[in-house]
Amino acid sequence: MLTRRAFGDDFIWGAATSAAQSEGAWNEDGRGPSIWDTFAAQSKNLSGNNGPAKGSDFYHQYPNDIRLLGLLGFKNFRFSISWSRILPNGHGRINQKGLSFYHRLIDLCLLKGITPWCTLYHWDLPQALQDKGGWANRDIINYFEDYVHLVTNEFGDKVKHWMVLNEPTAFTGVGYFLGLHAPGKRGLSQFLPAMHHAALCQPIGEMVIRSNVPNSYVGTTYSCTGIHPHSQSVQDVQAAERMDAMLNRLFVEPAMGLGYPVKSLPVLRKVYDYFGPNDEKILPCNFDFIGLQPYTREVVSHRFIIPYLQARLIPANERSVQHTAMNWEVYPPVMREMVEKFAAYSNVKDIIITENGAAFPDQVIDGRIDDQQRQSYFVNHLKELQNCVLDGLPVKGYFVWSLTDNFEWAESYRPRFGLIYVDYEDQTRIVKDSGYWFQRFLSKTN
Ligand code: NOJ
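Residues 576 to 1021 (our numbering) make up the sequence shown, in order.
Spelled out as structure tokens, the structure:
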């Protein structure tokens, strides 16, 4: 049985959002454009109202959203800072109005007894920095360091919980290798330097936070996916191993002092071309926690024609399994698989599930959203997590993705992940039944 008490009194319960997906107000109060504004303007699917320009209007509606977060019983809120809202050119001139927005948001959380958890980078690089090459240009490390100094000096007396990067595999892989996310770059010569510079920003971000924020609790977040070979043939098993190196090991291993997983994925060797003399020594981190973001699993088969990976992900709808609006299989054991996998690294201390959730097509009927499928998704994933806690695995918290429906990147607004429904016509909110389920669950003491 799922009970809140089994998780213990200190277990952290929260909900998450990110700036580019929820704030909107893309050109208000002096904000500079991010790569997602530019990418959307150039993309057929994301032009006009389909881009991030309005988001879920969090910039204006944050008092209501934080009120609803409290109403549902969450005591922790994960959000990200829009770099170009506080540094419109990515560096140099500071936009005071941008800083004051985050002060208002953080102050409101604290007033309501909600702990703010701040992600420094959730994919919205200032366009001005992309114009200089973005993550593929090594100068990004200095720009990032300056940005983290600014943010942590500004908010460090109020915010103690920090995450350096959100899902670096996703923003470098999909944005700089596949070109399907901003900034739409493709190929190894973009991806490998972007990957390496992001990996170097993990320890550098950690160090800056620690130097400016006394009593900080510092981590970073990783995408993670259960990886299962399609068959036990040697070829499929090896394809799955390459995919695992790419999707699960790429950033955590250098952070743990193990280097890049080049043995399993030889093409990564080319990354050494981008190494500076001391990089090997800089890469390891000493995080207080790592954030894991498990949503699903993938089944992998060998496929020679797919460059570098020679592996194919078999889509969930081809496998006739239950899946979400993202075509992601609903597979609750992923919780335990991922917690065990990452807890096995000897340098991992605490694990926090910094995102988990599901998009399903929601229907408003008589002002209500009866989202049974989402509710079952939470119940079944939380049961797995509860067993991890009971078995003594070091899981300390869980954040729902997401507090409200919002801009789901290349998928625009179609997939709805929120506990709170957003009507994008007028930006009004309706708490979904799954939100009320959390309210009941979190209010129980037994
Ligand atoms: C991970 C990302 O951090 C978040 O931005 C995204 O919306 C969710 N996964 C769902 O795809």
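We put the beta carbon where it would ideally sit given N, CA and C, even for glycine.
Please read all numbers here as calculations on a predicted model, not as lab measurements.
- Around the CB of Pro829, 16 or more other CB atoms lie within 10 Å, so the residue is classed as buried.
- Lys760 sits in coil when the DSSP states are folded into three classes, being neither helix nor strand.
- Comparing C-alpha distances from Gln617 to each of Lys760, Gln813, Gly967, Phe935 shows the shortest one belongs to Lys760.
- If you ignore the 5 residues before and after Val875, its C-beta comes within less than 8 Å of the C-beta of Ile802, His803, Pro804, His805, Asp811, Ala814, Ala815, Met818, Ala886, Arg887, Leu888, Ile889, all in its own chain and listed in chain order.
- In the three-state reduction of the DSSP assignment, Ser806 falls in the coil class.
- Tyr847 counts as exposed, since fewer than 16 other beta carbons sit within 10 angstroms of its beta carbon.
- Classified as exposed, Gln938 has fewer than 16 neighbouring CB atoms from the shown chains inside 10 Å of its CB.
- Put simply, the backbone Cα of Asn861 is about 46 Å away from that of Arg943.
- If you ignore the 5 residues before and after Lys672, its C-beta comes within less than 7 Å of the C-beta of Asp604, Gly605, all in its own chain and listed in chain order.
- Taking a contact to require three or more Cβ pairs closer than 8 Å, the stretch 964 to 980 and the stretch 577 to 591 qualify as touching.
- Trp698 has its alpha-carbon roughly 25 Å from the corresponding atom of Tyr883.
- A residue is called buried when at least 16 other Cβ atoms come within 10 angstroms of its Cβ; Ile881 does not meet this threshold and is exposed.
- For Leu647, the three-state secondary structure derived from DSSP is coil.
- The stretch 850 to 888 is shown to contain whole alpha helix (DSSP H) runs of 4 or more residues at 854 to 857, in chain order.
- DSSP places Val837 in the coil class of the three-state scheme, outside both helix and strand.
- Here the C-alpha atom of Val837 lies approximately 44 Å from the C-alpha atom of Trp1012.
- The alpha-carbon separation between Pro841 and Ala918 amounts to approximately 25 Å.
- Taking C-beta separations shorter than 6 Å and ignoring five residues to either side along the sequence, the partners of Ala628 in its chain run Trp601, following chain order.
- For Asn741, the Cβ falls inside the 7 Å cut-off from some heavy atom of the ligand NOJ.
- Nearest to Ile610 by alpha-carbon distance, out of Gly754, Gln961, Leu763, is Gly754.
- A direct Cα-to-Cα measurement between Phe935 and Gln1002 gives close to 19 Å.
- In the structure shown, the three-state DSSP call for Thr690 is strand.
- Pairing Ser798 with Ala745 gives a Cβ-Cβ distance under 8 Å.
- Put simply, of Trp710, Leu775, Asn787 the residue whose alpha carbon is nearest the alpha carbon of Val734 is Asn787.
- Shown here for Met913: same chain residues with a beta carbon closer than 6 Å to its own, the five before and five after excluded, namely Cys799, Leu867, Pro869 in chain order.
- The closest CA to that of His724, considering only Ser839, His666, Gln947, is found on His666.
- In this structure, the alpha-carbon of Ala711 lies about 13 Å from that of Tyr718.
- Annotation for Gln777 indicates a beta carbon at 7 Å or more from all heavy atoms of the ligand NOJ.
- With a contact defined as Cβ atoms closer than 8 Å, Gly626 and Ala615 qualify at about 3 Å.
- Taking 8 Å as the cut-off, the beta carbon of Asp863 is found closer than this to the beta carbon of Asp925.
- Note on Lys1019: under 16 other CB atoms within 10 angstroms of its CB, so exposed under the neighbour-count rule.
- Of the candidates Gly1010, Asn955, Leu683, Gly1010 places its Cα closest to the Cα of Asp980.
- Judged by DSSP in its simplified three-state form, Gly780 adopts helix.
- Distances from the CB of Phe935 to the heavy atoms of the ligand NOJ are all 7 Å or more.
- CA-CA distance, Gly748 to Leu825, rounds to 10 Å.
- Per DSSP, the beta bridge partners of Asp925 are Phe864.
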